[in-house]
Amino acid sequence: MSGSNMWEAVSGIVRRDLLLAMRRRSDAAMSVFFLVIVVSLFPLGVGPEPAVLRIIGPGVLWVAALLACLLSLGRVFTADYLDGVLEQMVLIPQPLAILVVGKILAHWLISGLPVVLLSPLLGLQFGLSGEPLGVLVMSLLLGTPTLSMIGAIGAALVLGVRGSGLLVALLVLPLYVPILIFGAGAVTSSMAGIGGEANLSLLGACLVLSLFLAPWATAAALRIALE
Amino acid sequence: MSTGINWLKYSSPQAFYPLAGRLIPWFACVAVALMGIGLYMGFFVAPTDFQQGEAYRIIFVHVPAAWMSMFLYVVMAVWAGIGMGLNARLSFMMAQAIAPTGAMFTFLALLTGAMWGKPTWGAWWVWDARLTSELILLFQYAGVMLLRTSIDDMRRADRASAVFALVGVVNVPIIYFSVQWWNTLHQGASVSMATGSKMASTMLTAMLLMTVAFWLYSIAVILARARCIMIERESLPVWDEKAAVIQEAVEAR
Numbered sequence: 001m002s003g004s005n006m007w008e009a010v011s012g013i014v015r016r017d018l019l020l021a022m023r024r025r026s027d028a029a030m031s032v033f034f035l036v037i038v039v040s041l042f043p044l045g046v047g048p049e050p051a052v053l054r055i056i057g058p059g060v061l062w063v064a065a066l067l068a069c070l071l072s073l074g075r076v077f078t079a080d081y082l083d084g085v086l087e088q089m090v091l092i093p094q095p096l097a098i099l100v101v102g103k104i105l106a107h108w109l110i111s112g113l114p115v116v117l118l119s120p121l122l123g124l125q126f127g128l129s130g131e132p133l134g135v136l137v138m139s140l141l142l143g144t145p146t147l148s149m150i151g152a153i154g155a156a157l158v159l160g161v162r163g164s165g166l167l168v169a170l171l172v173l174p175l176y177v178p179i180l181i182f183g184a185g186a187v188t189s190s191m192a193g194i195g196g197e198a199n200l201s202l203l204g205a206c207l208v209l210s211l212f213l214a215p216w217a218t219a220a221a222l223r224i225a226l227e
Numbered sequence: 228m229s230t231g232i233n234w235l236k237y238s239s240p241q242a243f244y245p246l247a248g249r250l251i252p253w254f255a256c257v258a259v260a261l262m263g264i265g266l267y268m269g270f271f272v273a274p275t276d277f278q279q280g281e282a283y284r285i286i287f288v289h290v291p292a293a294w295m296s297m298f299l300y301v302v303m304a305v306w307a308g309i310g311m312g313l314n315a316r317l318s319f320m321m322a323q324a325i326a327p328t329g330a331m332f333t334f335l336a337l338l339t340g341a342m343w344g345k346p347t348w349g350a351w352w353v354w355d356a357r358l359t360s361e362l363i364l365l366f367q368y369a370g371v372m373l374l375r376t377s378i379d380d381m382r383r384a385d386r387a388s389a390v391f392a393l394v395g396v397v398n399v400p401i402i403y404f405s406v407q408w409w410n411t412l413h414q415g416a417s418v419s420m421a422t423g424s425k426m427a428s429t430m431l432t433a434m435l436l437m438t439v440a441f442w443l444y445s446i447a448v449i450l451a452r453a454r455c456i457m458i459e460r461e462s463l464p465v466w467d468e469k470a471a472v473i474q475e476a477v478e479a480r
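Next comes the structure, spelled out in structure tokens:
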């Protein structure tokens, strides 16, 4: 299989998924609004003291990003599973793991990238500014693709299973914990003045590791779901 | 086979069932005996710790339980991997049988850790790297079991939970090395292969006895559970030892 052929397959899947998302914009908008609403609830619940908000801000933003990613996981494979596209993806000569990369990339562009782009605005609401705000954006930029990749494994495992929405949360959230710790930790340590580089490096390591393992595990899970 | 025993024979549930039945009482008896000796040594023979007083004695349950929780997860993942690779029914059954025992030991490690933490650190729970990752291990065991029970098709349930178990293996080295990688409240390892033990020899003996006892207990319980799973899945009447003898005689002829 030539390299250009595989690249065509991946970019084809990404273009198709983006087109589908553009046709049904409300789906993608919903998880973004969910993120904004969840984040806005915390100042109302905890109280508007700027000092408290600055401390809880990174954690709240990261947890909200986790939940927003989780909500959109149902859309990664379900439609393709129901209308039979997924079976065709298994049958075509390009390796399934490569095609899965395209699905994951599209999912990140639709639900992860908006979170990254919105985060400076939400960070301002929590009194973050300057370097910590930059580190927050950077940590989400490095962390949200990993969330999409781990989430894809869970989404593939629960495909067509009853109660899959809740089950995918139970499977995926424990695996999200390291990303949450490193991501929120990067912002917190940057606020403490010791720089977020160490945690950002760990996030990068998680990204590389999951880039190698997650497409393969997702492909295995999809084959199991389809057989 | 040069050894005269066809080991692969036991990869079939029909042959494994009576073998497991014969092994269970031995493992169970030795486990109970060692647990008795280990607990006696731990609570009465081992000296009082000069720093932590009598409270430290919970380690005779805590440390072996924590070791077993991680070890059983790896064993479960290995069975899951063998099942995926060789498509062997028995491997999936073993993986299924291990999960509840592993979850029990994880819970026991967390519970005894809390009982140790209160007098030593002054808190039942702290959000320290090792405690958190052990908690995640408990969630992973729960995930493996929940995924299995939510899928009706047995073959898919086996394979899906196997994939999830294999993905979760990443967490085990994180727990094991967490006290070295991060500067945490949880104390470092007192026993290591490289530097030997930093504790009194009676303490070490008691702890190792408890570890072996927990290990044998796990084998006995897992084999018993695997037998139940076999009966459940194959929807067959109980294969007792007599039936196997008859089968062997038929095969010999």
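Protein sequences, first through last, are from chains A and B. Position 81, counted from 1, in the first sequence is what our numbering calls 81; the numbers after and before it change by one each time, with no gaps. Heads up, our numbering is the position in the second sequence plus 227, with the first residue counted as 1. Think of the CB as a built atom: it goes at the ideal place given N, C-alpha and C, for glycine as much as any other residue.
Below 7 Å between beta carbons: does that hold for residue i and residue j?
i: A/Val137; j: A/Ser119; result: yes
i: A/Val172; j: A/Gly154; result: yes
i: A/Leu143; j: A/Gly183; result: The displayed chain sequence assigns Gly, not Leu, to residue 143 of chain A. For A/Gly143 and A/Gly183, yes; Cβs fall inside 7 Å.
i: A/Val115; j: B/Ile378; result: no
i: B/Gly265; j: B/Met437; result: yes
i: A/Cys69; j: A/Thr146; result: no
i: A/Ala221; j: A/Ala156; result: yes
i: B/Tyr325; j: B/Ile449; result: According to the sequence provided, residue 325 of chain B is Ile. The question's Tyr does not apply to it. Taking 7 Å as the Cβ cut-off, B/Ile325 and B/Ile449 qualify as a contacting pair.
i: B/Leu393; j: B/Gly329; result: no
i: A/Gly151; j: A/Leu73; result: yes
i: A/Ala28; j: A/Trp216; result: no
i: B/Gly395; j: B/Gln367; result: yes
i: A/Leu213; j: A/Phe126; result: no
i: B/Arg460; j: B/Ala247; result: no
i: B/Ala304; j: B/Tyr444; result: no
i: A/Val14; j: A/Leu117; result: no
i: B/Leu299; j: B/Val439; result: no
i: A/Ser11; j: A/Leu71; result: no
i: B/Ala322; j: B/Trp306; result: yes
Whose C-beta lies closer than 7 Å to the C-beta of residue i among residues of the same chain, with five residues either side of it excluded?
i: B/Met228; result: Residue confidence for B/Met228 is low, a pLDDT of 40 falling below 50, so the modelled location carries little weight; the figure read from the coordinates is stated next. Same-chain partners within the cutoff: there are none.
i: A/Ala64; result: Leu35, Val38 and Val39
i: A/Val187; result: Pro58, Pro132, Val135, Leu136, Ser139 and Gly196
i: B/Met268; result: Thr429, Thr432, Ala433 and Leu436
i: A/Gly123; result: Gly57, Leu61, Leu133 and Leu136
Terminal residues of the continuous alpha helix (DSSP H) containing residue i?
i: A/Gln94; result: A/Gln94 -> no alpha helix (DSSP H), and no H or E assigned at all.
i: A/Phe126; result: First-last for A/Phe126: undefined, no H or E at that position.
i: A/Gly45; result: Arg25 to Val46
i: A/Trp151; result: According to the sequence as given, residue 151 of chain A is Gly; it is not Trp. First-last of the alpha helix (DSSP H) with A/Gly151: Glu131 to Leu157.
i: A/Ser111; result: Taken as a continuous stretch (DSSP letters only), A/Ser111 belongs to no alpha helix (DSSP H), as it is neither H nor E.
i: B/Trp442; result: Ser428 to Glu461
i: B/His413; result: Element bounds for B/His413: n/a, residue is neither H nor E.
i: B/Asp385; result: Met381 to Gly395
i: A/Asp80; result: Gly74 to Asp83
i: B/Ala330; result: Arg316 to Trp348
i: B/Gly486; result: There is simply no residue 486 of chain B to check, as chain B begins at 228 and stops at 480 in what is shown.
i: B/Trp306; result: Ile286 to Leu313
i: B/Arg375; result: Ala356 to Ser377
Identify every residue that forms a DSSP beta bridge with residue i.
i: A/Gly195; result: Looking at the DSSP assignment, A/Gly195 forms no beta bridge with any residue, so it has no partner.
i: B/Asp276; result: B/Gly280
What residues in its chain sit with their C-beta under 8 Å from that of residue i, if we drop five residues either side in the sequence?
i: A/Trp108; result: Thr144, Pro145 and Ser148
i: B/Tyr403; result: Met297
For residue i, which residues in the same chain have their Cβ closer than 6 Å to its Cβ, ignoring the five residues on either side in sequence?
i: B/Pro240; result: Leu317 and Met457
i: A/Arg25; result: none
Consider the Cβ of residue i: report whether some Cβ of chain C lies at a distance smaller than 7 Å.
i: A/Ala217; result: Absence of chain C from the displayed structure is noted, the protein chains being A and B.
Worksheet item: Hey, is the region 198–211 of chain A in contact with the region 77–93 of chain A, meaning 3+ C-beta pairs nearer than 8 Å?
Response: no
Worksheet item: Are the region 268–280 of chain B and the region 352–365 of chain B touching by the rule of at least three beta carbon pairs closer than 8 Å?
Response: Contact between the region 268–280 of chain B and the region 352–365 of chain B is absent, with fewer than three C-beta pairs closer than 8 Å.
Worksheet entry | Segment contact, 8 Å Cβ cut-off, at least three pairs: the region 332–343 of chain B with the region 288–299 of chain B | Yes: at least three Cβ pairs fall under 8 Å.
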